[in-house]
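Chains as they are written, first to last, in UniProt numbering: chain A, 1 to 217; chain B, 1 to 338. Contents: one structure, followed by commentary.
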Amino acid sequence: MGGEEDDDDEDEEDALVGVVISRMPPPSSIKKEFLKKWLVGLKALSNSRSSSTSKKEMSVLERKKAIKLSADVAMASLKNGTTSWSRALIQNASKDGNNRTLLKSMLGSEYDKKLRIGSTTTSIMCSKGIRNTTVLRRSCGLRRARKISKDQRVRAGLMAKRLVKKRTQVLRSLVPGGEYMDEYSLFEETLDYIMSLRAQVDVMRRLANASAFSSKS
Amino acid sequence: MERIGDVESSLQFGEEIERLMTIPHESGTASSFTALLKLPANQAMELLHDSSEKPYDYSLNCTSSSSHLHFPSNLDLLERASRLSVFSTAAAQDSPETTNSSQNSLKVKNEPTETDSNPKSSPEISDPMSQTQTKCQRSGKRKGREKKVKNSSKKSKSAENEKPEETEKLPYVHVRARRGQATDSHSLAERARREKINARMKLLQELVPGCNKISGTALVLDEIINHVQTLQHQVEMLSMRLAAVNPRINFNLDNLFPAESGSLVEGNFPSMVMPLTWAQVQPIGNRQQQQQLWHFDTLHQPVWGDNPNFITPENSLLSYDSSANSVSMHSNRLKMEL
């Protein structure tokens, strides 16, 4: 049948496209931007540290936290508030008062504006999310009476649904700001988040390799 | 032609509906058609909106009163109503063969056909439809669940790619009820939602390596979660490495560059004979040699974009500055930036 042949071709095509997309590195423009912003943030951190009264050497953990924070914020700021996870990330970062200077230097004067816009959108989403039944159910700890069905197929389907629900819950905890999204936007955000994480890891790895090499020599 | 067959089958249903209409409406519980009529704006609107696929039909429905103009939409309504009648009343209907044939005929076409009016059934049909049309005038603003989805599960890839894009662009979601499935608005909406989610899942599957072979949502989600966790852990590890390397958080790119550009040049042009070997790169503190390196980089700048595997960011950072100033200023500027 023609349809089956089409299917085979489609499967091959799908596989090829999948391979290409998954192996394709993130665009270098994004990486450039990220690196620039990240370095700006790091510089701001080191400057603030040097000018602080304590003048203690930062421990490794503190340094690591600072590096990671500036990297995350740099990545999130590249999105300019278009994606939900970036907004959530910046908001989470700004909750801690110590990060104010860093954020200000990285995001610039628009920082306050963005934060306000971000907070309104997330608050709207929060209110929507509360109306979202899944969030309610989870928060109340309700366990809906499960249908007792004797049909094996139906039971398997129910179990599959339960598994999927558990996993989406885990995914929500991973993606910043995922708690308040509905399933569809969660997947969209995950897509975007994965792409940015890849770029971030790429740049960080190169920088780490380069600095390791230079320190060896 | 398909269309003629459709008209005929829908005419058969017109007669069936006529028969149903003679049953008193007040029962309002089981009978499909009465349920259809009893449904307030909801499904009547749905039916009407089915016909409002092309906007001019909708206006025709609502505004005009002459029977012959109603006709294309009436046929659509007939089809929908017939499908409803077929689905909601299980065994009550006679002639299951005609229903099957109608289902098949409905399955075959992709759009509700706007067929020409057949004057025979028009006066009979226009009466129930006019009732629904009055309701149409009330709720012009309805969100519009006109549902159409390609029936076959085998879709061409381009069509599949178009589908999610379509649902994003258009305000109406096009989902068609599949054979043997309920057609009330809730399940149709759910199905539309599920289709959207499945499209996104497919995209995610393509993105995460190794998900292509897996079938089943839960396992794919497993992979996705794994991937995200891996990436996040990598970020942590790398930031730990960077913290361990530097006593202070400043990355002195000046010191980094000689090594990097050496590796870059080597890596990008393995076939070329490199004037700089690793041994030469190491003892660089000399500005002149650095200048040479900078020149190398600017020369080869346009090629960097083609080789994203190599250290483009640091290099392009270099090139950003190099375009503006002379080489001797580079290292100073970079240090200042840091």
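Ideal Cβ positions, reconstructed from N, Cα and C, are used throughout, including at glycine.
Spatially closest choice to residue i from the options, by CA coordinates
i	options	result
M195 (chain A)	A:A76, A:K161, A:L69	A:A76
V164 (chain A)	B:R241, B:E223, B:Q234, B:T183	B:E223
N98 (chain A)	A:S211, A:K43, A:A66	A:A66
F187 (chain A)	B:R193, B:Q232, B:L188, B:H186	B:R193
M237 (chain B)	A:R63, A:A44, A:S28, A:E33	A:R63
R241 (chain B)	A:L61, A:L158, A:G41	A:L61
V235 (chain B)	A:L207, A:R100, A:L197, A:S211	A:L197
L102 (chain A)	A:A156, A:K43, A:G81	A:K43
P209 (chain B)	B:E190, B:R191, B:L231	B:L231
K36 (chain A)	A:L207, A:M159, A:F213, A:S214	A:L207
8 angstroms Cβ cutoff met for residue i and residue j
i	j	result
L171 (chain A)	I214 (chain B)	no
K31 (chain A)	A199 (chain A)	yes
V220 (chain B)	Q205 (chain B)	yes
K68 (chain A)	S185 (chain B)	no
Cutoff 6 angstroms; reference residue i; Cβ partners in own chain excluding five residues on either side
i	result
Y193 (chain A)	W85, V175
R207 (chain B)	Going by the sequence as given, residue 207 (chain B) is Leu instead of Arg. Result list for L207 (chain B): empty, nothing under 6 angstroms.
Rounded straight-line distance, which links the Cα of residue j to that of residue i
i	j	result
E195 (chain B)	G178 (chain A)	21 angstroms
A88 (chain A)	K95 (chain A)	11 angstroms
I197 (chain B)	D182 (chain A)	10 angstroms
Y184 (chain A)	V245 (chain B)	41 angstroms
G285 (chain B)	K216 (chain A)	Its pLDDT being 42, under 50, G285 (chain B) is placed unreliably in this model, and the coordinates cannot settle the point.
A218 (chain B)	A210 (chain A)	40 angstroms
N92 (chain A)	T168 (chain A)	21 angstroms
M201 (chain B)	R100 (chain A)	37 angstroms
P27 (chain A)	G216 (chain B)	31 angstroms
G157 (chain A)	R179 (chain B)	20 angstroms
K104 (chain A)	C211 (chain B)	40 angstroms
S46 (chain A)	A212 (chain A)	20 angstroms
A160 (chain A)	I90 (chain A)	35 angstroms
S214 (chain A)	S29 (chain A)	25 angstroms
K166 (chain A)	S59 (chain A)	38 angstroms
R153 (chain A)	L203 (chain B)	28 angstroms
P247 (chain B)	S173 (chain A)	33 angstroms
R162 (chain A)	D151 (chain A)	17 angstroms
Own chain, CB closer than 7 angstroms to residue i, minus 5 neighbours either side, in chain order
i	result
A71 (chain A)	W38, Q200, M204
T83 (chain A)	E189, D192
F34 (chain A)	A74, M75, L78, A199, Q200, V203
Chain C contact for residue i (CB, 8 angstroms cutoff)
i	result
V73 (chain A)	The question asks about chain C, but that chain is absent: this structure's protein chains are A and B.
Same chain only: Cβ atoms within 8 angstroms of residue i, ignoring 5 sequence neighbours per side
i	result
H233 (chain B)	none
Contact test: residue i Cβ vs the ligand HEM heavy atom, cutoff 7 angstroms
i	result
S77 (chain A)	The ligand HEM is absent from the structure shown, which contains no ligand whatsoever.
*Determine which residues of the segment 231 to 244 of chain B have a Cβ less than 8 angstroms from any Cβ of chain A, and write them out in chain order.*
L231, Q232, Q234, V235, E236, L238, S239, M240, R241, L242, A243, A244
_Short-range partners of chain B found in the segment 153 to 172 of chain A, where Cβ spacing is below 8 angstroms_ = A160, L163, V164, R167, T168, V170, L171
*Quick one, which residues of the segment 202 to 214 of chain A are near chain B if we go by CB-CB under 8 angstroms, in chain order?*
V203, M204, R205, R206, L207, A208, A210, S211, A212, F213, S214
*asked:* Can you pull out the residues from the segment 175 to 202 of chain A whose beta carbon lies closer than 8 angstroms to at least one beta carbon of chain B?
replied: V175, E183, Y184, F187, E188, T190, L191, Y193, I194, M195, L197, R198, Q200, V201
*asked:* Beta carbons nearer than 7 angstroms to chain A: which residues of the segment 217 to 229 of chain B have them?
replied: T217, A218, L221, D222, I224, I225, H227, V228, Q229
*Between the segment 196 to 207 of chain B and chain A, which residues of the former have CB atoms less than 8 angstroms from a CB of the latter, in chain order?*
K196, I197, R200, M201, L203, L204, Q205, E206, L207
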